[in-house]
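Colleague:
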Amino acid sequence: MNEKETDRVEPERGDSHLQESRDAMVEALHQLNLIRLPSSSRSSPQVVDVVKTVLEHLPVDVSAKDVTDASRLFALGRTVWSDTLLQQPADLLYREDRKLYQQYPKTGYEIVTKLPGLGGVAELVLHHQERWNGSGFPNRVKGEEIPVGARIIKLSVDFIEYQRGMILKRQVGRQDVFKLINKFSGRFYDPGLVGPFIDICKEYSPDLGIADKDVQVLDTKRVEPGMKLARDLFSSSGILLLNEGKVFDRGLIEKLKRFESMEPDPYTLLVRPASEESDEA
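Encoded structure:
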């Protein structure tokens, strides 16, 4: 290999090492964050899934790497909260607790900005709770002043945390979350992103965290006897209807359809195909 070839290859190796170091730092912080948070508040893995899917299907001029890393670290500032605060939905916080809550993006920013190569990520962490109309926090930035990546993370965080009961005192069904996001388009969320965001989430269901390729997303009209429920099923009011692992038979499917007819929105079922044992039975 001649000198020119060596000069060309070595910087690439250096860049690779820098990237590996950055990835290791981000993952270490993400894991520390997950360890500190109670299971009910560990929303970042789902947020990451949503952000990745949106970036794959939405043509926006952003650094996908920065936005994805920021979606891993957006909740880093919550690690300083008390155990009591970690358990409280955002809308139930008052006075000092609310002030502390509204500072968490800045706390996360102050941690991430000290790390080499993560300046862009830090900015997205800082701005991910800003609102389109300027009523967000911590800096009340509004409209186009909010980085596009932070607007995407805001939509993704709220989409997941409404469903997990982290914003209101109850879990909100995903269809109702779509309605809330539409309702607050132009107020909390970038009106140019809301429609595409909802369309992508409805088509690809990234919030459902389907890593298992055998898992299918079906409605009650398409579920068949012998199929097995892959995730707990809740009513629109948050009541557990069926446990993960429940095997469907014709009677259960008909009963579920009757319950569904009294609900405001159709059920979304995560199921695995019928096993050979079920088919033989």
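In UniProt numbering, the protein residues as written are 1 to 281. By construction, the Cβ of each residue, glycine as well, lies at the ideal position given by its N, Cα and C atoms. Treat the numbers as computed from the prediction; the structure is a model and nothing was measured.
Could you spell out the range, first to last residue, of the alpha helix (DSSP H) harbouring V121?
Modeller: Stepping through the sequence shown from its first residue, residue 121 is reached at position 121. Its alpha helix (DSSP H) spans residues G119 to H127.
Colleague: Can you tell me which of the three DSSP states Q171 falls into?
Modeller: Along the sequence shown, one-based indexing puts residue 171 at 171. Coil at Q171, not helix or strand.
Colleague: In the structure shown, what three-state DSSP assignment does Q163 receive?
Modeller: As a first step, residue 163 is located in the sequence shown; it is residue number 163 there, counting from the start. Here Q163 sits in helix by DSSP.
Colleague: Kindly list the residues whose CB is nearer than 8 angstroms to the CB of S63, restricted to its own chain and excluding five residues on each side of it in sequence; keep chain order.
Modeller: Position 63 of the sequence shown, counting from 1, holds the residue named residue 63. Answer for S63: G120 and G149, listed in chain order.
Colleague: For P116 and L100, what's the separation of their Cα atoms in angstroms?
Modeller: As a working note, residue 116 is residue 116 in the sequence shown. As a working note, residue 100 is residue 100 in the sequence shown. Going by the C-alpha atoms only, they are around 27 angstroms apart.
Colleague: Would you kindly report the start and end of the unbroken alpha helix (DSSP H) that includes Q87?
Modeller: Counted from its first residue, the sequence shown places residue 87 at position 87. Neither: Q87 is in no alpha helix (DSSP H) and is coded neither H nor E.
Colleague: With DSSP run on the structure shown, which of helix, strand or coil describes H17?
Modeller: Taking the first residue of the sequence shown as 1, we reach residue 17 at position 17. Helix at H17.
Colleague: Hey, out of Q87, T79, D49 and H57, whose CA is closest to S71's CA?
Modeller: Here residue 71 refers to the residue found at position 71 when the sequence shown is read from its first residue. S71 has its Cα closest to that of D49, out of Q87, T79, D49 and H57.
Colleague: Report buried or exposed for I160, applying the criterion of at least 16 other Cβ atoms within 10 angstroms of its Cβ.
Modeller: Taking the sequence shown and counting its residues from 1, one reaches residue 160 at position 160. Buried.
Colleague: Comparing alpha-carbon positions, which option in T220, K202, E224 and E244 lies nearest H57?
Modeller: The sequence position of residue 57 within the sequence shown is 57, counting from 1. It is K202 whose Cα lies nearest to the Cα of H57.
Colleague: Would you call the CB atoms of V271 and M227 closer than 8 angstroms?
Modeller: Working through the sequence shown from its first residue, we reach residue 271 at position 271. Working through the sequence shown from its first residue, we reach residue 227 at position 227. Result yes, Cβ atoms of V271 and M227 sit closer than 8 angstroms.
Colleague: Distance check for K65 and E144, CA to CA, integer angstroms please.
Modeller: Position 144 of the sequence shown holds residue 144. Position 65 of the sequence shown holds residue 65. For E144 and K65, the distance between alpha carbons rounds to 21 angstroms.
Colleague: Using a Cβ-Cβ cutoff of less than 6 angstroms, which residues in the same chain neighbour R231 once the five nearest sequence positions on both sides are dropped?
Modeller: Taking the first residue of the sequence shown as position 1, residue 231 is located at position 231. Around R231: E244 and L270.
Colleague: Assign M1 to buried or exposed, taking buried as 16 or more other Cβ atoms, counted over all protein chains shown, within 10 Å of its Cβ.
Modeller: As a position in the sequence shown, residue 1 is number 1, starting the count at 1. Summary for M1: the model assigns pLDDT 45, below 50, so the residue's position carries little reliability, and this model does not support an answer.
Colleague: R222: buried (16+ other C-beta within 10 angstroms of its C-beta) or exposed?
Modeller: Reading the sequence shown from its first residue, position 222 is the one you call residue 222. R222 should be labelled exposed.
Colleague: Counting C-beta neighbours from all protein chains within 10 Å, is the total for L126 16 or more, i.e. buried, or is it exposed?
Modeller: Stepping through the sequence shown from its first residue, residue 126 is reached at position 126. Flag for L126 reads buried.
Colleague: Near Q87, what residues of its chain come up, given a Cβ to Cβ distance below 7 angstroms and the 5 sequence neighbours on each side ignored?
Modeller: Taking the sequence shown and counting its residues from 1, the one referred to as residue 87 is at position 87. Correct list, in chain order: P38.
Colleague: In chain order, what residues of the same chain lie with their CB nearer than 7 angstroms to the CB of D190, ignoring the 5 residues before and after it?
Modeller: Residue 190 sits at position 190 when you count from the first residue of the sequence shown. Around D190: W132 and R151.
Colleague: Mapping DSSP to helix, strand and coil, what is V217?
Modeller: By one-based count along the sequence shown, residue 217 stands at place 217. Here V217 sits in strand by DSSP.
Colleague: In three-state terms, what does DSSP make of N2?
Modeller: As a working mapping, residue 2 is identified with position 2 in the sequence shown. Note that N2 scores a pLDDT of 46, beneath 50, so its modelled location is shaky and nothing firm can be said.
Colleague: Check V51 in the structure and name its three-state DSSP category.
Modeller: Position 51 of the sequence shown, counting from 1, holds the residue named residue 51. Looking at V51 - three-state DSSP - the assignment turns out to be helix.
Colleague: For R272, name the three-state secondary structure that DSSP assigns.
Modeller: Locating residue 272 in the sequence shown gives position 272, where the first residue counts as 1. It is a strand residue.
Colleague: Within 10 Å of its beta-carbon, does Q129 have 16 or more other beta-carbons around it, so buried, or fewer, so exposed?
Modeller: If you number the sequence shown from 1, residue 129 lands on position 129. So Q129 ends up on the buried side.
Colleague: Is it buried or exposed for Y104, if we count other Cβ within 10 angstroms and need 16 for buried?
Modeller: In the sequence shown, residue 104 corresponds to position 104, counting from 1. So Y104 counts as buried.
Colleague: My output table needs one value for K142: the three-state DSSP class, helix, strand or coil.
Modeller: Within the sequence shown, the letter at position 142 stands for residue 142. Here K142 sits in coil by DSSP.
Colleague: Relative to the C-alpha of D214, which residue among P225, I200, L229 and F197 is closest?
Modeller: Within the sequence shown, numbered from 1, the residue matching residue 214 stands at position 214. Of the listed residues, the one whose Cα sits closest to D214 is L229.
Colleague: Taking C-beta to C-beta, are K106 and P138 nearer than 8 angstroms?
Modeller: The count along the sequence shown starts at 1 and reaches residue 106 at position 106. The count along the sequence shown starts at 1 and reaches residue 138 at position 138. Yes, the Cβ-Cβ distance between K106 and P138 is below 8 angstroms.
Colleague: Can you list, in chain order, the residues of its chain with a C-beta nearer than 7 angstroms to that of residue 284? Leave out the 5 residues immediately preceding and following it.
Modeller: Because the chain is modelled from 1 through 281, residue 284 falls outside the range shown and cannot be assessed.
Colleague: Taking buried to mean at least 16 other C-beta atoms within 10 Å of its own C-beta, is L73 buried or exposed?
Modeller: Against the sequence shown, residue 73 aligns to sequence position 73. It counts as buried.
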